[in-house]
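Quick note, the sequences are listed as chains A, B, C, D and E, same order.
Convert by adding 488 to the 1-based position in the first sequence; the result is the number in the numbering used here.
Convert by adding 488 to the 1-based position in the second sequence; the result is the number in the numbering used here.
Convert by adding 6 to the 1-based position in the third sequence; the result is the number in the numbering used here.
Convert by adding 102 to the 1-based position in the fourth sequence; the result is the number in the numbering used here.
Convert by adding 102 to the 1-based position in the fifth sequence; the result is the number in the numbering used here.
Using N, Cα and C, we set each Cβ at its ideal position, and we do this for glycine too.
Just so it is clear, the structure is predicted and the values come from calculations on it, not from any experiment.
Heads up, the thing below is written out as structure tokens.
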Amino acid sequence: MKEIRKKSADAAVNKLIVKAHRSQTDLAWDRADAMQPQCGFGRIGICCTDCYEGPCRVNPFDENEQYSICGRNQQDLTAGFFLKKAVSGAAALVNLAEEFGAVTEKVVLKSVLQNSDTMVAPTDYTKRYAEIGDTVVQALSAINGIKGREQSSVTAANLGVLQANSINILLHGHIPPRVTSLLTAAAMKQSDPVNLIGMCGGEASGSTPLPVVTNYDSQETPLLSGAVDLLVVGDQCVMPAVITLAGRMGVAVVGASTLTDSEAADQALLKAAAGFTRRAGKVVDIPDYKIEMAVSGHASFAPTLTALAKGYAKGVVNGIVYLGGCGSIVNTQDAAIVKLAKNLSEDGYFVVTAGCAGVALAKANMCQAGASEVWKAVLPEEVSPVLYVGSCHDAGEFLLIARAAADQGLPVFAIMPEITHSKPLATAIGFLAQGITTYVEISEAAYVPAITLQGQLLPLSEWGHLPQALAETAAAAK
Amino acid sequence: MKEIRKKSADAAVNKLIVKAHRSQTDLAWDRADAMQPQCGFGRIGICCTDCYEGPCRVNPFDENEQYSICGRNQQDLTAGFFLKKAVSGAAALVNLAEEFGAVTEKVVLKSVLQNSDTMVAPTDYTKRYAEIGDTVVQALSAINGIKGREQSSVTAANLGVLQANSINILLHGHIPPRVTSLLTAAAMKQSDPVNLIGMCGGEASGSTPLPVVTNYDSQETPLLSGAVDLLVVGDQCVMPAVITLAGRMGVAVVGASTLTDSEAADQALLKAAAGFTRRAGKVVDIPDYKIEMAVSGHASFAPTLTALAKGYAKGVVNGIVYLGGCGSIVNTQDAAIVKLAKNLSEDGYFVVTAGCAGVALAKANMCQAGASEVWKAVLPEEVSPVLYVGSCHDAGEFLLIARAAADQGLPVFAIMPEITHSKPLATAIGFLAQGITTYVEISEAAYVPAITLQGQLLPLSEWGHLPQALAETAAAAK
Amino acid sequence: MYIIIGQGAAGAAAANELRHLNPAVPITVVTEEVDYFYSRIDLPDIIAGKYDESDSVLQSAEQFNSARITCKMGQRVVSIDPKHKDIELASGERIAYNKLLLATGSTPVIPPVEGANATGIHAVWTLQQARNIIAAANSAKSAVVVGAGLIGMKTALALAVRGLSVTVVEKLPRILPRQLDELASGLIATQVQEKGVKLALGTSVERIEQTPDGKVCGIRVDGQNLACDLVIMAVGVRANVELARTAGINVERGIVVNEFMQTSEESIFAAGDVAEVVDTLSGLPVVPAIWPEAVEQGLIAARNMAGVKAIRIDGAALNSVEIAGMPIVSIGDIEGNANDDVITFHKGSCYRKVVMRDRVVRGVLCVGDIRHAGVLGNLVLRQTEVEYSERIAQPTFSFADFMAM
Amino acid sequence: MKRVWIDSQKCLGCKTCELQCAVERNSVTKTLAAAVLEMPRPVARVGVYGPTGSSFPIQCRHCQDAACLKACPSGAMQRDVETGITFIDQSKCRACWMCVMSCPFGVVTPLKDFKVAQKCDACMHMEEPACVASCPTKALIYGDENDYEKVRLSRKQMLAVHVRSAAESGIGVIGLDYVRGDD
Amino acid sequence: MKRVWIDSQKCLGCKTCELQCAVERNSVTKTLAAAVLEMPRPVARVGVYGPTGSSFPIQCRHCQDAACLKACPSGAMQRDVETGITFIDQSKCRACWMCVMSCPFGVVTPLKDFKVAQKCDACMHMEEPACVASCPTKALIYGDENDYEKVRLSRKQMLAVHVRSAAESGIGVIGLDYVRGDD
Ligand code: XCC
Ligand code: XCC
Ligand code: SF4
Ligand code: SF4
Ligand code: SF4
Ligand code: SF4
Ligand code: SF4
Ligand code: SF4
Ligand code: SF4
Ligand code: SF4
Ligand code: SF4
Ligand code: SF4
Ligand code: SF4
């Protein structure tokens, strides 16, 4: 790595990174550094570990094409790698839907299962991805059905949402709304104030969005504040390192799946209270960064849509873009997505965002009615040009928004510049199934034949080209 | 590799390997050679590609423990690798059951899905494996319900089952019995004789077992005979290379899933007949090796069980062992499993076998009432001391046999010395869930904590130790 | 005083090594060449116009000077007196020596066919001859190259690059007959012909036709006339042994030396193309005439001259070249006999062949893909026993695979 | 004299060293993602060969008595006097392939697109050899004889400990006729 | 075939063997007092390793399947056919250090000053190995299998069993029982 890159663009996170450094606590960035260089074969998806005769990797520099032991070439390997990720993301979303209380059609479950077969030489990618896309759309819709956002609200983002004088309970990972409700109810029984906050899917959970403390790559930092009294972990997106760190710091950890009734929730609150008591009198290190953010959804979107349609007719608004994704440890946290959002916003695109990408934008103060006079003139009062709809599993809000927008003739796109987990990847396929052109920064996407479906999946190789590409796609759509 | 190892112990396969060499056709062995050295990280399961911040691999030689980017250590990685394989095998078996026509409980489907989550830091392996085991048992039982072997029959194994003067249709991979039935019916309408044969799950499909032409690693060789007129491919275990080779040789390929009705089956027969016509007058290269083999199941097992119980009481019989698995390209094909079976048989163990391991034993002439006087004295007339129950997905037969045997106080074990695909691995977990001690030659198995369930999963590191280990386990069981 | 006669690969290597071993003793190199030590291998490319003469200089006058090696350029040695330990130059000068190294190299053979005295017939051996050929090629339209060995083929291609119409005449039935087998030869021949060079194989030169004023105008082969105005003779070289023979030193096809590169005269050594050594495969005497061998012999001779005992290990035929875009490596005995195990690998234009006898590598032939050829070559030189399989002929067979066996 | 040493018992055959060498020393774009699209393809100067479990990264050993130096008729193959590293001045290379033919380790590669020879030069002009920097197990080490001493020491210690623990268990090791098994 | 055997239970870790080997086989002056002043320092071919109480003299094992022989490109590493001893003809050594890296026991030393490799050659040209002659406890023994039999007989039980099963598994030869690594 030639230039020294900052680990995070987030000042609050950086404060705690320094603290970690002083206490010699390894964070994800340190582990990532020690992992360099990462294996190039795996990085570009040309290594397969599907069966025990492997692993198989092909030489990308050989003039002759090399085949794996069972006969896959470089394209087969990359395409297979990508497909497995897409399927795994679809499975994860279906799981979440089920966990959240949706009733998934058996046929949907079967579809995911079938697509999990690894040894089947895929002959029809289009069909596969269409199935995956449909599965994802159903899952996202199901989740939306359970926890669709009825009204707009305001909450806050960044480490400052931790409260020194409250019992801080951190809901981490994708936690079912009913668990959040149980905890909320249990919290009300406490004498001390209880501060429920979330991250990586734990925020924006339930009808009232929780404050979101940070996003994926910095998930260890809240613990470093010393102010977390209970860590509730849901499925997925929870680094094992966070659980280890919690253990080392004496912070209690409870699995969300164990919170099946109010008794269990009460027990959890007991643990949290005990943690709070233990730290009484100790100084906590809560960086003073707390940014207000608006949270809204499709249910409240109609006025905005009208305004956008007007703006589009005037040529002031160019379309709606979904910005999603997780962040990538090898890039400066938040930097790229914030810059992209700013550029797109300046270029007249209304941004809908969610998940860890959305949290990055919120931390950068973008999820509020902002300073842009141009946008103020277009949008209804107090409406932010960057609309945060919840966690990445709330992408169903965007599906609804996109459909409404398309009805109004507004061009709609999606961009996921830094995907880490498979859920957003599968979400991209879902978007495609609905005809939404989506850009992902995953090179294997280029290798998968026939992955156009109704929309197009495009590798995001050169961000500089993005404005032009968007314009072209929009023009083609007209 | 100090000695030059033979690619296969199967003389018929070796003949066609020589032919391939002369025609410069690359087979799996050539690709495996070119793949050397294979990456040790993947080989021992300490590489993770679950998310896009990876791949992560840890240095096993470092005195300090290295953690992956999200905080997994070497044990976590190997345990996770193994778990994913087990889950994928369970999913594959459930898929097969569904395809074969079973109706899988939604809860079973959900269980598999849940276990597919990759980012969930597993806290309770025992629970996970218990769930996987139960899922597998249900799937195997479901498959057994659809195609359990009602009676014994006799068929043949090895390349000699191809017939120069018949239309040869090769059913490759795990093909639903109804498809086999459709093809059988369509075949009867042909004027030319039609020879349906199978491999890698395609054999032993349907009520009447098909002759089995070869097993996994040599799956390209039947095509080299020039006598295959149609290749019907099912799910899983089909190397992409076979499809490529068929294409190059002008052999028609049809996906089993497309054969939904008799019309489709008739179309397939047309293609096969065309292929047969095209090769009229040409010389085919069918190695003259065709070994008779008996196929039987639990339904016919009672007399044998009685005999075994008697023999056990006399101290002549030591127990029942299931020998399964796929074969491994880096070892001489068939050699190890045949030697193991012979040793076990000589040591007084009745062998139940299936899948590609079973095909290896059949090719070695073991699945017939044999020459062993000792066993002749024990078993009913014409009963082989090595019982072939079908494809690896027919392991449900063994589950039933095992239960019956346990009722009679006979010790029961399973050994899978060379697993390639995840189905037999998951089957091993299923065996464990039923209390059957199972040996697999997968080192990660040693890393998984708490995988005892009712039975024990033991890494098969030293085959020399096996007899003693079996004896000890049997003694402990008494 | 060390005297070295000849400033080729062996002579130069010896001179530098002597200086390296002994900073003080005087060293004189006598050569008939006026051009300082250059790479003979470059000559065909210089003819083609690919390189400039100056590119081929390996050690200039300045460099010899700063190593304090005296060079007598353009001087012919007329006699050696082993009893008095001195040499006589054509100029009459006599120089005394403590140790003498004969590195006189070899000279191209001009076969004794009728008309071989015509003008326009050239050998390709020295820089001066290359200059002559370039001058002649500028006004020539067609050329015949006699001999399809390494030099002949490269020169033919070079002349084709210059725009001449070229035909190669070879009496054996294939090109590069000593280095390649029939299959490999065919592969190369195809490429050569695609570059526009014509091949007349299995054909002998009967006569060289000349114009009345003695200029070459054609070659008579198989009863037919092949018109040309430039002829290159590349049928082989002969070791320059006359000086040694006259001095009473033991000479066969080359100057006979022992493992210390010492001749029958105690103080006189020989190295390079002029020396006759033993081939490790056949056990027979041979004059290898290849660059790495010449350098090695020069080093060994120098060490022994300086009193450091060094032994030359018997070698084998070693040839590498690129012809018409095809790399070629040929080592040892590439034909073998009927009982030998011959393993081949042939894929497209890559052809590799390993000749095994009793688990020892006897010969290696690689065309098209020559990766790792040195590993196999070393096995020939060392006559090491190997456990082998077909893999040994594959381009990816590496030293690690050999170690693992 | 610093050079690249190999602790082969630590090599897991991942081939990261090959990728890094090709990208850093032979590609134009210098990033993996772009390098895999380049034509002609970047060529590595180290090759990892051998059976799984016994892989060995093969690269130039910068021999004292270098066969390649003796074989090169163009002066392209040279030795840096200070460091002892042998390297190729490609501007002088004539594609005669004598070096390819002579190197007993087979580490010289003919670059068919550029018609010059290429081999490892110990990254002599760089701060650290790219392969060494990239190896995840420290199978590749950059240093001199003393630096490698640590590796030899640990092998001797390992032998001593194992031998003794076996001895204590009564199996009584005598270190003769060690036969390397087929592991 | 005579060679050096080790009765490890007798080694007390005094390192006399190291000193003697260095002095007798690698010094110019051949006396200890003078040898310690020599530059470059004489290098021993045997080394004593392991924790106190469990020391073990490590030297070349003259392996039947010698990695060093395979690794040497120049023919410097050789085996004496009669005795089976592996030794280095240093005049042929090219200082490539492949043998140093290939020996699983790390017993080959790269002599940086002389640019040749060095290892124990069982004092093949001497009457008696210097280390054996010097060992005060007779931990080092020079002889053939029969001579070592006496040692083994004293530990007969476990050894005998082990010899038998070793032969069956094909790893063969007498009393090998070298357990390498974690297998
Ligand atoms: Fe898991 S990092 Fe990705 S998946 Fe979503 S929350 Ni789980 Fe964040 S955007
Ligand atoms: Fe797939 S190789 Fe394995 S899984 Fe079964 S048949 Ni599919 Fe053969 S035993
Ligand atoms: S490429 Fe094929 S053989 Fe290799 S690991 Fe993947 S599935 Fe197995
Ligand atoms: S298993 Fe594959 S991805 Fe992982 S280190 Fe090895 S080659 Fe790289
Ligand atoms: S170890 Fe963690 S960070 Fe690394 S690839 Fe796997 S899931 Fe991703
Ligand atoms: S990077 Fe290291 S471990 Fe990987 S192949 Fe190269 S030397 Fe071996
Ligand atoms: S190229 Fe080969 S001969 Fe030359 S120094 Fe390197 S390893 Fe030695
Ligand atoms: S190929 Fe180049 S470097 Fe090699 S010997 Fe020939 S001229 Fe020298
Ligand atoms: S030292 Fe440099 S040139 Fe040599 S192999 Fe390593 S990276 Fe390549
Ligand atoms: S040097 Fe090492 S490899 Fe060679 S014989 Fe001695 S112990 Fe064995
Ligand atoms: S260092 Fe010397 S003895 Fe060792 S392998 Fe190299 S040449 Fe042979
Ligand atoms: S046998 Fe000789 S060379 Fe070997 S260690 Fe003993 S004294 Fe040294
Ligand atoms: S001299 Fe004997 S006792 Fe002393 S260290 Fe050496 S072997 Fe051990």
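- Query: Based on the DSSP output, what are the partners of serine 641/A in its beta bridges?
  - Reply: Per DSSP, Val783/A.
- Query: To the nearest whole angstrom, what separates the beta carbons of cysteine 233/D and valine 145/D, a pair I think is in contact under 8 Å?
  - Reply: Contact doesn't hold; Cβ gap of about 14 Å is too wide.
- For chain B, is any of its Cβ atoms less than 9 Å away from the one on tyrosine 151/D? So yes, tyrosine 151/D belongs to the interface.
- Message: I'd like to check one pair, aspartate 279/C with alanine 323/C: are the Cβ atoms closer than 9 Å?
- Response: no
- Message: Taking the alpha helix (DSSP H) that glycine 155/C belongs to, which residues open and close that run?
- Response: Run containing glycine 155/C: none; DSSP gives neither H nor E here.
- Message: Taking 9 Å as the threshold (C-beta atoms), are alanine 782/B and cysteine 855/B in contact?
- Response: yes
- Item | Below-9 Å beta-carbon distance, methionine 781/A vs any chain B residue | By this cut-off, methionine 781/A is not an interface position.
- C-alpha distance - glycine 648/B paired with valine 874/B, whole-angstrom precision: Spanning the two alpha carbons is a distance of roughly 22 Å.
- Message: Using beta carbons (cut-off 9 Å, strictly below), is aspartate 538/A in contact with chain D?
- Response: no
- Query: Which chain A residues are close to leucine 213/D, counting only those with a beta carbon under 8 Å from its beta carbon?
  - Reply: By Cβ distance, chain A contributes nothing, its closest Cβ being about 11 Å from leucine 213/D, past 8 Å.
- From glycine 528/B to serine 679/B, what distance separates their C-alpha atoms? 54 Å
- Please indicate yes or no: does the CB of glycine 543/A lie closer than 8 Å to some heavy atom of ligand 3? Glycine is not the amino acid found at residue 543/A; the sequence shown has proline there. Yes, the beta carbon of proline 543/A sits closer than 8 Å to at least one heavy atom of ligand 3.
- Below 8 Å on the Cβ atoms is my guess for threonine 188/E versus leucine 171/E; work out the distance and round it to an integer in Å. 6 Å
- Continuous beta strand (DSSP E) stretch holding tyrosine 42/C: start and end: Note, tyrosine 42/C: premise wrong, no beta strand (DSSP E); not H, not E.
- Query: What are the complete alpha helix (DSSP H) segments, minimum 4 residues, inside the segment 740 to 780 of chain B?
  - Reply: Counting only runs of 4 or more residues that sit fully inside the segment 740 to 780 of chain B, the alpha helix (DSSP H) segments are 750 to 766, in chain order.
- Query: Is threonine 709/A near alanine 893/A, with beta carbons less than 9 Å apart?
  - Reply: no
- Message: What does DSSP give as the partner residue(s) for aspartate 723/B in the beta ladder?
- Response: His662/B
- Query: Using the beta-carbon count (16 or more within 10 Å), is isoleucine 779/A buried or exposed?
  - Reply: buried
- Message: Measuring alpha carbon to alpha carbon, tell me which residue in Arg510/B, Ala522/B and Asp538/B is nearest leucine 913/A.
- Response: Taking the Cα of leucine 913/A as reference, the smallest distance to any Cα among Arg510/B, Ala522/B and Asp538/B is reached at Asp538/B.
- Query: Going by DSSP, which residues form a beta bridge with methionine 228/E?
  - Reply: The partner list for methionine 228/E (beta bridge, DSSP) is empty, contrary to what the question assumes.
- Note the first and the last residue of the continuous beta strand (DSSP E) segment covering glycine 843/A. That residue, glycine 843/A, is in no beta strand (DSSP E); its alpha helix (DSSP H) goes 843 to 851.
- Item | Where threonine 908/B meets chain A, residues with beta-carbon distance less than 8 Å | Neighbourhood of threonine 908/B in chain A, by CB distance below 8 Å: Cys539, Tyr540 and Glu541, in chain order.
- Give the C-beta separation of threonine 118/E and serine 236/E to the nearest angstrom, bearing in mind that I take them to be a contact with Cβ-Cβ under 8 Å. Yes, they are in contact, since the Cβ atoms of threonine 118/E and serine 236/E sit about 5 Å apart, within 8 Å.
- Message: Does the beta-carbon of tryptophan 107/D, which I'm using as the reference point, lie nearer than 8 Å to any heavy atom of ligand 11?
- Response: Tryptophan 107/D Cβ: outside cutoff for every heavy atom of ligand 11.
- In chain order, what residues of the segment 554 to 577 of chain B put their CB closer than 7 Å to some CB of chain A? Gln554, Tyr555, Ser556, Ile557, Cys558, Gly559, Arg560, Asp564 and Ser576
- Query: Which residue from Asp882/B, Val501/B and Ala845/B puts its Cα closest to that of serine 713/B?
  - Reply: Val501/B
- Message: I'd like the span of the beta strand (DSSP E) that includes aspartate 92/C, first residue to last.
- Response: 92 to 95
- Message: Contact criterion: CB-CB distance below 9 Å. Does phenylalanine 408/C meet it with respect to chain E?
- Response: Cβ-Cβ to chain E under 9 Å: yes for phenylalanine 408/C.
- Item | Heavy atoms of ligand 9 versus C-beta positions, residues under 6 Å | Val106/D, Cys123/D, Arg127/D, Arg147/D, Val148/D, Gln161/D, Cys222/D, Asp223/D, Ala224/D, Cys225/D, Pro231/D, Ala232/D and Cys233/D
- Assuming leucine 133/C contacts alanine 149/C under a Cβ cut-off of 8 Å, what Cβ separation, rounded to an integer in Å, is found between them? Not really, about 19 Å apart at Cβ, beyond 8 Å.
- Jot down the residue ranges of each uninterrupted alpha helix (DSSP H) in the segment 220 to 252 of chain C, minimum 4 residues, whole runs only, in chain order. 248 to 252
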